[in-house]
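Numbering (this note's numbering), first residue to last: 1 to 343. First up is the structure itself, then whatever we jot down about it.
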């Protein structure tokens, strides 16, 4: 299938440089379960970007990265504060609650961002034995509606959380897109901003498969390897995960891919905003575009393109650009959108 899709950046292919790295790792034998030179090199790259004191566990997917990181922070009688749109709440099949045994405390939001007020509302539960005890805060960077926390917003949240005995987890499935938008380093947005645990995304940014749990708190890192194994996320042929990350984090490939996806989303948004009857519904700060358009137009477009209807009642759609989205892909979709309006 040659048609480019806008349903998800999971639909994209593998970056050629990543494919080459996998092929290069496929030579001879290597020790299993991460005791290999490829994994050593990948972890070295993570430390270059996040600091020497971080701990890294490579896993297969984003759900695994989230629940393993959260389980190191939260016991079964405790709770995680997150938004109603958080992936751990709305799109991971209850994995967090099922694997950890704890509870998610949900805060509604219009822009995808958790606030200090959202956290503060849960604090009276601390010390009440009848209630799940808040112990962690989870934020998504980028959020599920494409918005991006500023570094100042992250620092404010982590300072408040830490002052009240709470850890802070970041779901960074699209963290590279956030860094590209903010023009900052990965470390500035995580370790330097007070994040305790990060799920670092690779699959949505050019990898075949693979995410990473990056821990910035020594007391949380000691159990992660055991939790990863129990969570069925320890790869036996780890070198093929590791080779991908080593290449992604070399020569700013991660940033190049994210910048391309973000730029194509911006181009798409600018074009859609010029069409009659079409309105952007969220700020375009990453690689996702949210827009409303007439229902007949949506139905006609879906005959040729894959994308999500995000909110049926508002006729709101989500369009996601990928590292391999090109200007001609955007032009073709905009032409199709204009034609759907006409006829």
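Heads up, the beta-carbon is just placed ideally off N, CA and C, and yes, glycines get one too.
Please work out which residues of its chain come closer than 7 angstroms, Cβ to Cβ, to residue 340, disregarding the five sequence neighbours upstream and downstream, and give them in chain order.
Cβ neighbours of residue 340 beyond the five flanking positions: 297, 300, 301.
Would you report the Cα separation of residue 57 and residue 209, rounded to the nearest angstrom?
Taking the straight line joining both Cα atoms gives about 14 angstroms.
Which of helix, strand or coil does DSSP assign to residue 281?
Coil.
Give the secondary structure of residue 238 by DSSP, where H, G and I count as helix, E and B as strand, and everything else as coil.
If DSSP states are grouped into helix, strand and coil, residue 238 belongs with coil.
Quick check: residue 242 and residue 39, are their CB atoms within less than 8 angstroms of each other?
Yes.
Per DSSP, what kind of secondary structure is residue 200 in: helix, strand or coil?
Strand at residue 200.
So residue 249 and residue 49 are in contact, right, with Cβ under 8 angstroms, and what is the actual spacing, rounded?
Confirmed, Cβ separation roughly 6 angstroms.
What number of angstroms, rounded off, separates the C-alpha of residue 93 from the C-alpha of residue 21?
Cα to Cα, residue 93 sits roughly 32 angstroms from residue 21.
Specify, as a first and last residue, the run of the beta strand (DSSP E) that residue 318 falls within.
Note, residue 318: beta strand (DSSP E), 316-320.
When you compare each of 59, 216, 227, 80 to residue 238 by their alpha carbons, which one comes out closest?
Residue 238 has its Cα closest to that of 59, out of 59, 216, 227, 80.
Assign residue 313 to buried or exposed, taking buried as 16 or more other Cβ atoms, counted over all protein chains shown, within 10 Å of its Cβ.
Answer is exposed; the Cβ neighbour count stays below 16.
Roughly how many whole angstroms lie between the Cα atoms of residue 181 and residue 168?
One C-alpha to the other measures close to 22 angstroms.
In this structure, does DSSP put residue 291 in helix, strand or coil?
Three-state result, residue 291: strand.
Going by beta-carbon coordinates alone, are residue 79 and residue 138 separated by less than 8 angstroms?
Against a cut-off of 8 angstroms, the Cβ pair of residue 138 and residue 79 comes out as no contact.
Determine the extent of the beta strand (DSSP E) in which residue 308 is found, giving its start and end residues.
Residue 308 -> beta strand (DSSP E) spans 308-311.
Please return the same chain residues whose Cβ sits closer than 6 angstroms to the Cβ of residue 257, not counting the five positions on each side in sequence.
Taken in chain order, the residues that qualify are 205, 206, 323.
So what does DSSP say about residue 90, is it helix, strand or coil?
Looking at residue 90 - three-state DSSP - the assignment turns out to be helix.
Suppose you measure from the CA of residue 318 to the CA of residue 231; what does that come to, to the nearest Å?
Those two C-alpha atoms are separated by around 32 angstroms.
With distances taken Cα to Cα, identify the nearest neighbour of residue 90 among 42, 145, 213.
Residue 145 is the option with its Cα nearest to residue 90.
Excluding the five sequence neighbours on either side, which residues of its own chain have a C-beta within less than 6 angstroms of the C-beta of residue 176, listed in chain order?
The residues are 205, 254, 258.
Decide if residue 201 is buried, meaning its Cβ has at least 16 other Cβ atoms within 10 Å, or exposed.
It counts as buried.
Could you tell me whether the Cβ atoms of residue 140 and residue 171 are closer together than 8 angstroms?
For residue 140 and residue 171, yes; Cβs fall inside 8 angstroms.
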